[in-house]
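Chemist: Below you'll find the structure I mean.
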Amino acid sequence: MVFIFYFIKSLTGVFGVEDKVKFVDVMEGDSVTLLTDVNIIEKYTVIFWKFENNLIAGINTQANVVGVLCDKDRVKIDDRTGSLTITNTSTTDSGIYRVDIIINKKSTKVFNITVYASLPVPEISRETSCSSSSEISPVSKCELLCSVLNVSRVTLSWYNGTSLISSTSASDSHINVSLPLELEYEESNIYSCVSHNSIRNQTKHPDLGRLCQPCSGKTNHTVLAVAAGTLGIVAAVVGVCVSRKCRNTDKEGK
Ligand SMILES: *[C@@H]1O[C@H](CO)[C@@H](O)[C@H](O)[C@H]1NC(C)=O
Ligand SMILES: *[C@@H]1O[C@H](CO)[C@@H](O)[C@H](O)[C@H]1NC(C)=O
Ligand SMILES: *[C@@H]1O[C@H](CO)[C@@H](O)[C@H](O)[C@H]1NC(C)=O
Ligand SMILES: *[C@@H]1O[C@H](CO)[C@@H](O)[C@H](O)[C@H]1NC(C)=O
Ligand SMILES: *[C@@H]1O[C@H](CO)[C@@H](O)[C@H](O)[C@H]1NC(C)=O
Ligand SMILES: *[C@@H]1O[C@H](CO)[C@@H](O)[C@H](O)[C@H]1NC(C)=O
């Protein structure tokens, strides 16, 4: 077994190819393990890990050294495989990790780690206030604004049921992101604002009954609108259930 494994490793060495960069996404606070995919056997083995070109951990079997140079509470190196584990990750752990493995020949693996900050639930507010515009002409639209504050690498999207209406993305730095949505009053569709990164998502549904009241202030009109809205939501929920059923049936059919 060991022989075969070693033989394959040697072949890899002969071709001398550096592995492609592996992309690893982690949620802040979670752990991540970067695998070397080797077994350290009795043979002379040297493994060293670098983070952004700084040596952080290594193994040298001949010198009988297994060590971590930084943040020993969170960073561990496995003395049987040389794999690196980082616990309780923070966004500052993001970057390029490179491991050089020398067993007869040298091979290198490169990992590009992205640690995502915790993902906030979006907030939805009404953008236009009744008092400002309703006096001139009755406002016919309800403008909502969905926001997430102080985020990085997050996409914010509005959905109408399951169809995407619009989206916008935050880059690397901590910024506020917001995305407007213009609705008719008496809208009865199910809208949602979703913040997501490559790992997770958070959804918020606007409370249309509270946020999208017409500005006229005429109670009768309002009551009617709310009633119509409620009926509409019931209809939409039934619609969603039905279409879900269809999809399930589809799957079973295949
Ligand atoms: C994780 O790290 C944060 C700081 O980055 C610290 O406040 C927290 O106590 C740590 N949690 C654990 C379980 O070590
Ligand atoms: C690492 O990956 C991120 C996106 O996942 C990319 O923006 C960055 O340029 C990559 N870094 C390197 C050095 O390739
Ligand atoms: C933004 O988030 C970062 C870390 O996620 C934090 O250090 C910083 O204090 C936050 N800034 C504000 C204004 O909340
Ligand atoms: C949402 O979808 C419904 C039909 O499914 C459509 O009538 C309505 O205009 C859509 N709303 C938006 C804001 O696109
Ligand atoms: C994001 O919004 C918060 C709260 O409204 C504000 O304090 C902060 O300055 C904003 N940050 C940026 C980068 O605009
Ligand atoms: C949000 O995440 C869940 C799983 O956690 C997934 O089923 C759902 O499709 C995701 N929604 C979006 C809009 O990405």
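Here the sequence shown stands for residues -16 to -1, 1 to 238, where the numbers follow mature numbering (1 follows the signal peptide of the UniProt record, and there is no 0).
Note that CB positions come from ideal geometry on N, CA and C, so glycine has one too.
#1: Shorter than 6 Å, the distance from the beta carbon of Val178 to the closest heavy atom of ligand 6, or not?
#2: How big is the Cα-Cα spacing for Lys4 and Thr92?
#3: For Asn134, tell me which candidate among Val8, Glu107 and Ile159 has the shortest Cα-Cα distance.
#4: Here's the rule: buried if 16 or more other CB atoms are within 10 angstroms of the residue's CB, otherwise exposed. What is Leu148?
#5: Indicate whether the contact test is met: 3 or more Cβ pairs, each with one atom in the segment 95 to 111 and one in the segment 61 to 79, closer than 8 Å.
#6: Along the chain, where does the alpha helix (DSSP H) containing Gly193 start, and where does it finish?
#7: Could you give the distance in angstroms between the alpha-carbon of Asn144 and the alpha-carbon of Tyr169?
#8: Could you name the residues that DSSP lists as bridge partners for Gln186?
#9: For ligand 8, list every residue whose C-beta falls under 5 Å from any of its heavy atoms, going in chain order.
#10: Comparing C-alpha positions only, which one of Pro190, His180, Glu166 and Pro164 sits nearest to Ile174?
Modeler: Looking at the atomic coordinates:
#1: By one-based count along the sequence shown, residue 178 stands at place 194. Answer for Val178: yes, Cβ within range of ligand 6.
#2: For the purposes of this step, residue 4 is taken as residue 20 along the sequence shown, with counting starting at 1. For the purposes of this step, residue 92 is taken as residue 108 along the sequence shown, with counting starting at 1. Distance between the alpha carbons of Lys4 and Thr92 is about 9 Å.
#3: Translated into positions along the sequence shown, residue 134 becomes position 150. Per the Cα distances, Ile159.
#4: By 1-based counting over the sequence shown, the position of residue 148 is 164. By the 10 Å Cβ count, Leu148 comes out exposed.
#5: yes
#6: Your numbering for residue 193 matches position 209 in the sequence shown. That run of the alpha helix (DSSP H) goes Leu192 to Leu195.
#7: Position 160 of the sequence shown, counted from the first residue, corresponds to residue 144. Position 185 of the sequence shown, counted from the first residue, corresponds to residue 169. Cα atoms of Asn144 and Tyr169: separation of roughly 15 Å, rounded to the nearest angstrom.
#8: The sequence position of residue 186 within the sequence shown is 202, counting from 1. According to DSSP, which records beta bridges pairwise, Gln186 is partnered with Ser179.
#9: Looking for ligand 8 in the displayed structure turns up nothing; the ligands present are ligand 1, ligand 2, ligand 3, ligand 4, ligand 5 and ligand 6.
#10: As a first step, residue 174 is located in the sequence shown; it is residue number 190 there, counting from the start. Taking only the C-alpha atoms, the option nearest Ile174 is Pro190.
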